[in-house]
Amino acid sequence: MYNRGGKVWEGSFPKGLVFLEKDWEEDRLPMDLVEEAGLLGADFVQLSPVQRAKLGGYCKIDQRIVFVVDPSRLHSPNPSREKIFLAGDFNGWEAAIGEDRWQLTFENEVFLLSLDWGEFSNLGNFQFKFITESRVWIEPTHGFPFVEKSPIGVYNFLFDDKRTGNDVFSFRIANPQDIQSTQVWSEFRPKGKFGHVRKDEKDSFRLFAPRAERVDLLLYGDSQKQEEEKRVAMHRDEEGSWTYEGLVREKYYRFSVFHKTMDKESGTLEKKILDPYAKATVGRNGPGLIITPQTLETRKSHWTPPPMKDLVILEAHLRDLLAQAPVDLSAEERLGFRGLTKWLQSESCYVRQLGVNAVELQPILEFDARTKSEYHWGYMPVNFFSPASSYSSCPRSGSVIREFQELVAAFHDAGIAVILDVVYNHVGIPAHLLNLDRSLYFRTDEFGRLQNHSGCGNDLRCEAEPVRKLILDSLAYLVQTFDVDGFRFDLGELMELDLLSEIETELKSIKPEICLIAEPWSFRGRLPPQIKNTSYALWSDRCREKILACVKGQGSRNHALALLQGKLDEENRFPWQSVNYLESHDDYTLVDRLLETDEESEFRITEEKVKQVRLAMALVLFSPGIPMISAGQDLMRNKKGTRNTYLRGDLNEIDYSKSEEFADLRSDLKALIEFRLSEDALFLRPESHEQWRYEEIPMESQTTLGLRIFDSSDMRSYILYFNLSDHEIDLRIPEGYEILLSSKTENLDPFGYALAELKNS
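In terms of the numbering used here, the sequence shown is residues 339 to 1099.
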C-alpha cells in the first residue's frame, strides 16, 4: 500500500522540497508525496549531491563521503576565512577542533571534507555537526528529515547510509487560475456518458474538465512507452466537456490536462491522468484500457438477493480468504479473483460451509498498491470503475472485467449475495481527480488546504454536482456490469444524506432489491437522524461496544436486552436498519479485546474466552437486525494485539488449521446461522417493531437474561435465555415449552444460551 516514504516541505511560495527516506529508485514517489500533501507539483528536479549536502551535511561521491557546509550559514563578514571542523561521537565532538583530519577546506564556494565512505557507513546511523574554531556550532535547518534532535535537546545532522545524496527533489507548487468560479461549476451536473465508448466502429473519449486550458488524448500501443505516445487534441463544448471521436487502433490511453497558472515562471501546468471513467487499468497510474463492448457484456443471473431483514453477512478480504485456503490453488490464483471463484465451486469452501447468505467484500476497485504482490486493504481508491488490477490474472488484457463478473456469478450460484465495500469519501495516490481539478473535486478550508475528516488526507467534495455524477455513474455501472447486490459506504457521513438518498433512488430503479449499508460516522460527526427514513442499514458501533462490555461483565444487561428486541439503536425506524457486529477489519478483533494483550505478551486463548466469543455471537444472531460476522471469527482469529493491520496480511489472513481446535465453536456458529435463516426463526427477522412483542422474564440472578418473544395472538411464543456469568446455572423453563436450540443439553453452561418454544406454537 502507498504509505509515505518521505516528507514534503513547503518553502517560500512557489518552491518546495521532497525528502525521501532513502535514495530515489527512479519511481514516481516524489510526485506521490506532493499529491498526498494536497499540492499540485510541477518541474520536479533532483538536487545534485552537493546541493543536497548543503542541506543535509553530506553526500556520497564515488567511494567518498563528502561533508559540506554552505558559507551562507555562517554569520561572518568573511566566511571563507573561517576554520570549520566536523564533529560527532566518532571524534569526541568539540575535541575535533584544531585537528587537521576533521577540518573542512574552502573550495568552489563551499566548505568540503572528503573521507572514506566505508569508514563511516560501518558506524550505522549517527548524528554529527559542524563547529568553528571559535566554538560556534553551525545549526542545521530544523524540521528537515535528516536533522534529528539529540537526547539533550540539540539539533544535529543525521547520517543514514540509505541516503547517499540522491534523496532530495525540488519542485514548483503550481497555483491554477480559477478561469471560472469553482462554485459555478460545482452546481452544474454534467450530462451524458464519459470515458471511452466504442459504438459502430467508432471510438469516443470524453472528459469533464471545464476549467482546463487544454486537454489531449494520449494513446499507446502494446509497449506503452513514452516515446511511442500518440497525442491527439480534444475539443471543448460549452458545457465544459472535452471530446475526441474517431477510430482508434491503440490499446491504452490517458488524458493530458493543461491548467493555466498564476506563476510568473510558467503559465501552464500539464498533468497526465488516468481517465476517472476507465473501465480497466494496467495499474494505479494507468494507462486505461480501450475496452470493446463485448468485454462489458453482463452475465446476469436469475438469482435475487434476500430482503435486508434476512441477511447474514460475512465481511471478508479476498486475499485473507485465499492466503491459507485448504484448496489446490497456484500462488498466482491466491492473489486474485480467479482463485476465489475456483474455491467457491467446491462445497468445502469456507464461505459456503459457514452458511451465510451475503458477503461484504472489502474494496475491490483499483487502489494505490504499487506492486501486484503488495497486500492492500483497498481503502485508497484511484478509480471508481475498474476492478483492481492487482486481483487480475493479466491487467494488460482487461481480463479483470470478466474475472470479477465470474466471481460474482460464483457467489450467486452458491446462494450468496455480493455487497461491495466502496470508498467515495477520499482517494489514494496518484490523486488523479486532484490533478484534474483540485478545488472542484475536493473540499478545502478557508486557507485552500484540503480537508481531512476522512483521516486519509483529502475529502471528496460530495456536494459538488460533478462528484455526485461520477459516484452515481460508478454505482450504476457496477450493478449493471457485474450484477452486484449492494454496497457498504465507507465513512458514509462524509457523503451526506442528500447524496445517499439520490443513490438509493437511482439504484432501486436498476435493481429494486439492492442492499444499501452505510458506516454512519466520520471524524466530522454522524449522519443525521433522517437517515432512518431511507432503506439504508447502518453499522452499529453501539452493538460492538455495549455487547463487548456486557460479555466482559463490565456493562449493563439492559443493553443486551435492548439488542435482543431490536432497540439498541433506538433512533432507527426498523430493526433491520442496524448492522449488528462485534468486530470488523478495523482495529482489534473481538478476541484481542477480550484478552487485552499485545504482541509482546503471552497469548493464550482459554476455554472461557471461547465461550465468551460464542455468547457474543449468539446475542447478535438471536437479535433483530442484520448480523455481520468477520471472516475467521469462528476460528478465534486475532491480530496478536495489533490494532491497525492495514499492511499486515500475515496477521489478517485466516488460519484454517484452527478448524479442529475450535470445532465446537464453528459448529455452534453454523447451527445458529442455519437456524436464523430457517422458517422457524421468522421471529428473529421482523420487518417492523410491531410484528412481535417482548417481555423480560425475572431471573434469580442478575447475570442471567430471560426474554419472552410472542405475537399478538399469543399463540406463537419463544423464550431466550443467556448466562452472562462464568458458572453454570440451573435452567427451569415454563411448562409447555421445549428447547429448540442451546449451547448445552441441560442447564445453562458458563456464557451459555438456550432458546425454548411453546409447544404447538
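The beta carbon of each residue, even a glycine, is placed where N, CA and C say it ideally should be.
- Contact check for Leu798 and Phe780: beta-carbon distance about 6 Å, within the 8 Å limit, so the pair qualifies.
- Here DSSP, grouped into helix, strand and coil, assigns Ala380 to strand.
- Distances from the alpha-carbon of Phe482 to those of Leu355, Glu712, Ser997, Ser1005 put Leu355 closest.
- By the Cβ neighbour-count rule, Gly736 is buried, with 16 or more other Cβ atoms within 10 Å of its own.
- Taking a C-beta distance under 8 Å as the contact criterion, Thr599 and Asn513 qualify as a contact pair.
- Here Leu667 is near Lys680, since their CB atoms are less than 8 Å apart.
- Each of Phe785, Ala802, Cys794, Lys849 was checked against the Cα of Leu813, and the nearest Cα belongs to Lys849.
- About 14 Å separates the beta carbon of Pro733 from that of Leu703, a gap too long to meet the 8 Å contact definition.
- Across the structure, Glu999 and Asp1006 are spaced so that their CA atoms are roughly 14 Å apart.
- For secondary structure counted as the beta strand (DSSP E) over 3 or more consecutive residues, the stretch 886-929 holds these complete runs in sequence order: 916-919.
- Taking all protein chains in view, the Cβ of Glu1076 is surrounded by fewer than 16 other Cβ atoms within 10 Å, so the residue is classified as exposed.
- For Asn494, the uninterrupted beta strand (DSSP E) segment begins and ends at 493-497.
- His770 carries a helical assignment under DSSP once its states are collapsed to helix, strand and coil.
- Of the candidates Arg942, Leu442, Cys881, Cys881 places its Cα closest to the Cα of Pro913.
- Ranked by Cα distance from Leu673, the first of Pro352, Phe507, Ser730, Gln971 is Ser730.
- Per the C-alpha coordinates, the member of Leu378, Glu741, His764 positioned closest to Phe722 is His764.
- In the structure shown, the three-state DSSP call for Gly626 is strand.
- The beta-carbon separation of Ser916 and Ile964, rounded to 7 Å, stays under the 8 Å limit for a contact.
- For Gln632, DSSP records no beta bridge to any residue.
- Of the candidates Asp575, Tyr558, Ala661, Tyr558 places its Cα closest to the Cα of Gly624.
- Per DSSP, reduced to three states, the secondary structure at Arg544 is strand.
- In this structure, Leu901 and Glu1034 do not form a Cβ contact; the two beta carbons are roughly 13 Å apart against a cut-off of 8 Å.
- For Pro664, the closest of Ala654, Leu652, Leu678 by C-alpha to C-alpha distance is Leu678.
- Looking at the backbone, the Cα of Asp554 and that of Tyr994 are separated by about 51 Å.
- Across the structure, Glu457 and Glu934 are spaced so that their CA atoms are roughly 47 Å apart.
- Looking at the DSSP output, His573 sits in a beta bridge with Thr581.
- Burial state of Asp365 is exposed, judged by a 10 Å Cβ sphere holding fewer than 16 other Cβ atoms.
- By the 16-neighbour rule on beta-carbons within 10 angstroms, Pro1036 is exposed.
- For Gln465, the enclosing beta strand (DSSP E) starts and ends at 464-470.
- Counting along the chain, Val650 sits inside no beta strand (DSSP E), nor does DSSP assign it H or E at all.
- Of the candidates Met718, Ile1011, Gln465, Val474, Gln465 places its Cα closest to the Cα of Ile490.
- Look at Trp431 here: in three-state DSSP terms it is helix.
- Under the three-state reduction of DSSP, Met955 is assigned to helix.
- In this chain, Lys563 is not harboured by any beta strand (DSSP E), its DSSP state being neither H nor E.
- In the DSSP assignment, Ser686 falls outside any alpha helix (DSSP H), carrying neither H nor E.
- Under the three-state reduction of DSSP output, Phe507 falls in the strand class.
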